[in-house]
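These notes concern the structure reproduced below.
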Amino acid sequence: MHPRVGSPRSCTRHANGHGQQSTDSVVGVGRQSRESAPRPVRTPLPRSARVLDALGRGLIGAGVLLLLFVVYQLWGTGLRESREQDRLAAEFDAIVVVSGSADAREPVAVRGEPLSRIKIPSIGVDKVLVGGVDVESLKKGPGLFPNSPLPGQLGNVAIAGHRTTYGAPFEDLDKIDVGDEIVFETPNGTRTYRVHKEPHNVFPSNVEVVETKDPTKATLTLVTCTPKFTSWKRLIVEAELVGPDIGDTAPAASTPASTVPADAATPFLDQSVAFDEGWFHDTSVIPAVAGLGAALIAIGVLGAWLSRRSGRRILVWTPTGVVFLVVLYFFFENLTGLLPTNI
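Shown next as structure tokens:
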């Protein structure tokens, strides 16, 4: 018995076959439509828009670099000072051991080399004092002015230190009060000074504040810049020797401290120059600044090209960024030699 043409069974079989063919046809047409559909074409920006876009990107980049330079000045320089202080502390400890004999002599001040340890408990200062107040010496720690006696000797011991960069040893010098003690640990014992005046400001031209006024007294003058982040004026702290017994105070050496440079061909700076150096004070760094600057540009261009070519920004910019930051650190370190210094 054959099923009728109009039976449900026949209709179902007919409908299923026809529906399958229709579905396949629709899917095929949809796939072809997607494959053949043209990709959207970006409309090129007008020239003025491209210029503004490039200018905006450049300003953003310059702002980021300026911010990173500020970070380097405030914290990056401190890393260098910390390494130098560790080295100087080890050298000073060795000097103390050698100087423990009965015939120990006062150390000779050599530019950039350790002389003693300076401690100011009231503001948390504990640094190794070096000879000289030239730019490179002050990057290592507080420095003893040329022609100044050594701590504990008669005369005025004059010391300068940074306030905002390179470890900022004198950052809180303005918080010192009358009666606070300033202690020096020297190879020949401890010398203690007591502050007898409130901190006060002078102009950079007043270099007489670091000179000895009374050669029969043992005094101390600490110098740094003020206000913070400027070199407009100098903040001065004055103290007098109170221990050990003042009767045991050694006279000033016949050869003033800080007059023996590590390299005789490069003499100490005089006091007026040591207070502040202007723009381009170290022209020897210009080739390094130019070379490192070119390297930074090349790294940036290469990173952008590789990023566009591969389409993998994270994979490209992660190693590129690390290399860029390393080169940038040395660029900033050399660039500092072309900028005005302040202590």
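Just so we're aligned: 586 in my numbering is position 293 of the sequence shown, and the numbers increase by one with no gaps anywhere.
Glycine is no exception: its CB is placed at the ideal position from the N, C-alpha and C atoms.
At the level of alpha carbons, what is the spacing between residue i and residue j?
{"i": "E491", "j": "D473", "result": "10 Å"}
{"i": "S577", "j": "E626", "result": "13 Å"}
{"i": "L447", "j": "R410", "result": "19 Å"}
{"i": "E429", "j": "G405", "result": "7 Å"}
{"i": "V391", "j": "V403", "result": "17 Å"}
{"i": "A451", "j": "A355", "result": "40 Å"}
{"i": "P637", "j": "R605", "result": "The requested residue 637 is not part of the displayed model; the chain covers only 294 to 636."}
{"i": "R527", "j": "C518", "result": "5 Å"}
{"i": "E632", "j": "S441", "result": "Per the sequence presented here, residue 632 reads as Leu, with Glu not at that position. Cα to Cα, L632 sits roughly 28 Å from S441."}
{"i": "D346", "j": "V609", "result": "23 Å"}
{"i": "L628", "j": "L360", "result": "15 Å"}
{"i": "A555", "j": "P407", "result": "A caution first: A555 carries a pLDDT of 38, below 50, which makes its placement in the model unreliable, though a value can still be read off. Roughly 12 Å between the two C-alpha positions."}
{"i": "A461", "j": "W525", "result": "17 Å"}
{"i": "F463", "j": "V418", "result": "8 Å"}
{"i": "P400", "j": "R350", "result": "56 Å"}
{"i": "V363", "j": "F573", "result": "19 Å"}
{"i": "F385", "j": "S603", "result": "55 Å"}
{"i": "V476", "j": "P444", "result": "9 Å"}
{"i": "G454", "j": "G369", "result": "17 Å"}
{"i": "I413", "j": "T523", "result": "23 Å"}
{"i": "L348", "j": "A342", "result": "10 Å"}
{"i": "S415", "j": "V615", "result": "41 Å"}
{"i": "K468", "j": "P580", "result": "42 Å"}
{"i": "L595", "j": "I607", "result": "14 Å"}
{"i": "L358", "j": "E531", "result": "40 Å"}
{"i": "I529", "j": "P339", "result": "60 Å"}
Taking the alpha helix (DSSP H) that residue i belongs to, which residues open and close that run?
{"i": "V265", "result": "Since the first residue of the chain shown is 294 and the last is 636, residue 265 is not available in this structure."}
{"i": "V286", "result": "Within the shown structure, residues of the chain are numbered from 294 to 636, placing residue 286 beyond reach of any answer."}
{"i": "V428", "result": "V428 to L431"}
Specify, as a first and last residue, the run of the beta strand (DSSP E) that residue i falls within.
{"i": "I529", "result": "K526 to G536"}
{"i": "G448", "result": "G448 to A453"}
{"i": "V423", "result": "V418 to G424"}
{"i": "T236", "result": "Look at the range of the chain in this structure, 294 to 636, and you will see that residue 236 is not part of it."}
{"i": "T519", "result": "A511 to T519"}
{"i": "H489", "result": "Unbroken run through H489: none, as it is neither H nor E."}
{"i": "V495", "result": "H493 to V495"}
Which of helix, strand or coil does DSSP assign to residue i?
{"i": "R373", "result": "helix"}
{"i": "T611", "result": "helix"}
{"i": "E474", "result": "strand"}
{"i": "V403", "result": "strand"}
{"i": "L631", "result": "helix"}
{"i": "A408", "result": "Inspection of the sequence shows that residue 408 is occupied by Leu rather than by Ala. Of the three classes helix, strand and coil, the one that applies to L408 here is strand, per DSSP."}
{"i": "I590", "result": "helix"}
{"i": "G584", "result": "helix"}
{"i": "K468", "result": "helix"}
{"i": "R484", "result": "strand"}
{"i": "T479", "result": "strand"}
{"i": "A557", "result": "Bear in mind that a pLDDT of 33 at A557, under 50, signals an unreliable position, so the number given afterwards is only what the model happens to contain. Coil."}
{"i": "G436", "result": "strand"}
Within this structure, are the beta carbons of residue i and residue j separated by less than 8 Å?
{"i": "R456", "j": "K506", "result": "no"}
{"i": "V423", "j": "F438", "result": "no"}
{"i": "T262", "j": "I592", "result": "Only positions 294 to 636 of the chain appear in this structure, which leaves residue 262 out of reach."}
{"i": "V502", "j": "T514", "result": "yes"}
{"i": "G371", "j": "Y459", "result": "yes"}
{"i": "D470", "j": "V488", "result": "yes"}
{"i": "A511", "j": "E533", "result": "yes"}
{"i": "V389", "j": "P480", "result": "yes"}
{"i": "V421", "j": "A382", "result": "yes"}
{"i": "N449", "j": "E374", "result": "no"}
{"i": "L599", "j": "F617", "result": "no"}
{"i": "D575", "j": "G630", "result": "yes"}
Between residue i and the ligand PLP, is the CB less than 7 Å from at least one heavy atom?
{"i": "V535", "result": "With respect to small molecules bound, the structure shown includes none, and the ligand PLP cannot be examined in it."}
* Asked: Is there contact between the stretch 496 to 504 and the stretch 465 to 485, where contact requires at least three CB pairs shorter than 8 Å?
  -> no
Tell me, please, whether the stretch 429 to 440 touches the stretch 362 to 379 by the rule of three or more beta-carbon pairs shorter than 8 Å.
-> With a cut-off of 8 Å, the stretch 362 to 379 and the stretch 429 to 440 count as touching, because enough Cβ pairs lie within range.
task: Please determine if the stretch 571 to 588 and the stretch 606 to 625 are in contact, where contact requires at least 3 C-beta pairs separated by less than 8 Å.
output: yes
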